[in-house]
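Here the structure is laid out as structure tokens; the discussion comes afterwards.
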Amino acid sequence: MARRVTILGATGSIGQNTIDLIRRDPEGYDVAALTGASNIAQLASDAIELRAEVAVTARDDLLEDLRDALAGSGVEAAAGAAAVIEAATRPADWTMSAIVGAAGLAPGYAALEQGKTLALANKESLVCAGHLMLETARTHGTEILPVDSEHSAVFQALIGEDIASVERIIITASGGAFRDWTLEKLESATLAQASEHPNWDMGQRITIDSASMFNKAMEVIETREFFGVRPEQIEVLVHPQSLIHALVGFNDGALMAHVGPPDMRHAIGFALHHPARRALPVERLDLAAIGTFEFRAPDHARWPALRLARETMAAGGMMGAVFNAAKETALDGFIAGKIGFTRMAQVVEGTLEAMDRDRGLIDAKMTLDNVTQVDHVARKCAREAIAKRAG
Ligand code: NDP
Ligand code: MG
1 MARRVTILGA TGSIGQNTID LIRRDPEGYD VAALTGASNI AQLASDAIEL RAEVAVTARD
61 DLLEDLRDAL AGSGVEAAAG AAAVIEAATR PADWTMSAIV GAAGLAPGYA ALEQGKTLAL
121 ANKESLVCAG HLMLETARTH GTEILPVDSE HSAVFQALIG EDIASVERII ITASGGAFRD
181 WTLEKLESAT LAQASEHPNW DMGQRITIDS ASMFNKAMEV IETREFFGVR PEQIEVLVHP
241 QSLIHALVGF NDGALMAHVG PPDMRHAIGF ALHHPARRAL PVERLDLAAI GTFEFRAPDH
301 ARWPALRLAR ETMAAGGMMG AVFNAAKETA LDGFIAGKIG FTRMAQVVEG TLEAMDRDRG
361 LIDAKMTLDN VTQVDHVARK CAREAIAKRA G
């Protein structure tokens, strides 16, 4: 029987890779909803081809454009943030959460009420509200499967294992576009340079986050939330080839490594077919031709993001939402040309310090409303820091 699937963030890099897999098996899937934001042409053409029930743009102002693009197709059109959430609540057996940023939290959370499967690419949901997401999933009997390549790798290395026998989890980092740059050179890094990833083809925001290590910093917090290990059990290892995605170290000294090509269709396909493994259209690695795997310790002086993630975890409460909001705002500032590359970490650090003084807000009960409130206040604080630095 065909499985009903919904893709939140269908027009993005993860969304398009998900569609690539679904398109290969047209009989296997019924598409409930596809959502996007600005890319109406892509959203409409995919929705028509896959005969989606509804196509939703997060942008209210683009409803007419979407209606025009879908005219005569029988696909329903909707627009706005509330419509994206409504689409996420329509019955589906499998939902991909691949909206970028904190905007993905509420739709992903809504999808948890299905009691089915949520494939989670939107790491921001776990960084901002890991406890809430996991508790809600437990209450509704929904399975969350990680799609981030490192977390999919850890998940796979843990199959059949007891988490109590895990000593450490090592997630790898390519080092991004600026792996070998000096701190001095990093200060003048441009947007174009930060937007080129040596190994992975991803959306612009995560590509820049890879160059600044904020992506890995987010993933350290994501690892803590998802696998429930202590922060000191999580290590980051620079591995320029991006072929080993993570390693799990057990109490008998064994390290189980997950090796695979840098192609997100592996992790997406694993989550799509879980618990089965099915053939996937990804490269089979020729290890003899590759020859060597390199490793090195991350340089904390050049990448303060990693230290900031540790401080965020130590601070507790809803500091994860502060970390993410400050990081997103700093990234907006860098993309807009308001601050330089290395200033991003300073904005995040300043925001964490300022927000830590308001523990009443940070230590309130973690609900969707309170996380949203923390997100708003932290963004405002980060914008002020950017205005000061830009002025
Ligand atoms: P993209 O920027 O390529 O795509 C983002 C998607 O979100 C698009 O469909 C976009 O629509 C939509 N979108 C943007 N803003 C909003 C909004 N305010 N409300 C609703 N939808 C919105 O991102 P990626 O695919 O690279 O990343 C998606 C998520 O997956 C992120 O959380 C990222 O960290 C994570 N991830 C990505 C990986 C990758 O390889 N790309 C690897 C691991 C994790 P539109 O394009 O139409 O404007
Ligand atoms: Mg990753």
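With the numbering used here, the residue at position 343 of the sequence shown is 343, and numbering never jumps. Just so you know, even glycine gets a beta-carbon here, dropped at the ideal spot from N, CA and C.
Kindly indicate the opening and closing residues of the beta strand (DSSP E) around residue i.
| i | result |
| --- | --- |
| PHE250 | 244-250 |
| PRO146 | 143-146 |
| ASP30 | 29-36 |
| VAL476 | Residue 476 is absent from the structure shown; the chain starts at 1 and stops at 391. |
| GLU167 | 166-173 |
| ALA119 | 117-120 |
| ALA297 | ALA297 -> no beta strand (DSSP E), and no H or E assigned at all. |
| MET213 | Here MET213 belongs to no beta strand (DSSP E), and DSSP marks it neither H nor E. |
Measuring alpha carbon to alpha carbon, tell me which of the options ends up nearest residue i.
| i | options | result |
| --- | --- | --- |
| THR255 | ALA157, CYS128 and THR139 | Contrary to the premise, residue 255 reads as Leu rather than Thr in this sequence. The shortest C-alpha separation from LEU255 is found at ALA157. |
| THR292 | LEU21, LEU243 and HIS274 | LEU243 |
| VAL166 | GLU232, PHE295 and HIS266 | GLU232 |
| PRO146 | LEU272, PHE178 and GLY80 | LEU272 |
| ALA325 | PHE334, MET366 and LYS380 | LYS380 |
| ASP356 | ARG343, MET344, ALA345 and VAL374 | VAL374 |
| LEU285 | GLN241, ASN251, LEU118 and PRO304 | GLN241 |
| TRP200 | LEU118, GLY175, ALA387 and LYS185 | GLY175 |
| PRO281 | VAL236, VAL54, GLY269 and ALA288 | GLY269 |
| ARG230 | ARG168, ALA211, GLN204 and THR312 | ARG168 |
| ALA10 | GLY160, GLY333, ALA52 and PHE341 | ALA52 |
Alpha carbon to alpha carbon, how far is residue i from residue j?
| i | j | result |
| --- | --- | --- |
| PRO22 | GLY360 | Note on residue identity: the sequence assigns Ile, not Pro, to residue 22. Whole-angstrom Cα-Cα distance: 46 Å. |
| GLY350 | PRO262 | 34 Å |
| LEU306 | HIS131 | 21 Å |
| GLY391 | PHE323 | Low local confidence applies: a pLDDT of 49 at GLY391 is under 50, so the model's placement there is unreliable, and no value is given. |
| GLY141 | GLU64 | 38 Å |
| ILE394 | ALA301 | One cannot answer for residue 394 here, as it falls past the ends of the chain, which runs 1 to 391. |
| ALA296 | GLU222 | Sequence check: residue 296 is Arg here, not Ala. Whole-angstrom Cα-Cα distance: 22 Å. |
| ALA88 | TRP94 | 11 Å |
| SER195 | MET202 | 9 Å |
| LEU237 | PHE178 | 16 Å |
| ASP299 | LYS338 | 26 Å |
| ALA119 | ALA92 | 12 Å |
| MET213 | PRO26 | 38 Å |
| ARG138 | ARG383 | 36 Å |
| ALA98 | ILE386 | 28 Å |
| GLU143 | GLY115 | 7 Å |
Would you mind reading off the limits of the alpha helix (DSSP H) that contains residue i?
| i | result |
| --- | --- |
| VAL84 | 81-89 |
| ARG138 | 123-140 |
| GLU460 | Here the chain has residues from 1 to 391 only, and residue 460 is not among them. |
| MET256 | Unbroken run through MET256 is the beta strand (DSSP E), 255-259; no alpha helix (DSSP H). |
Do the region 306-321 and the region 273-288 make contact, defined as three or more Cβ pairs closer than 8 Å? no
Does the count of Cβ pairs from the region 246-260 and the region 100-110 closer than 8 Å reach three? no
Residues whose Cβ lies closer than 6 Å to any heavy atom of the ligand MG, in chain order: ASP148, SER149, GLU150 and GLU219
Counting Cβ pairs closer than 8 Å, one from the region 11-19 and one from the region 59-78, do we hit at least three? no
Across the region 245-254 and the region 339-346, are there enough close Cβ pairs to call them in contact, namely three or more that are closer than 8 Å? no
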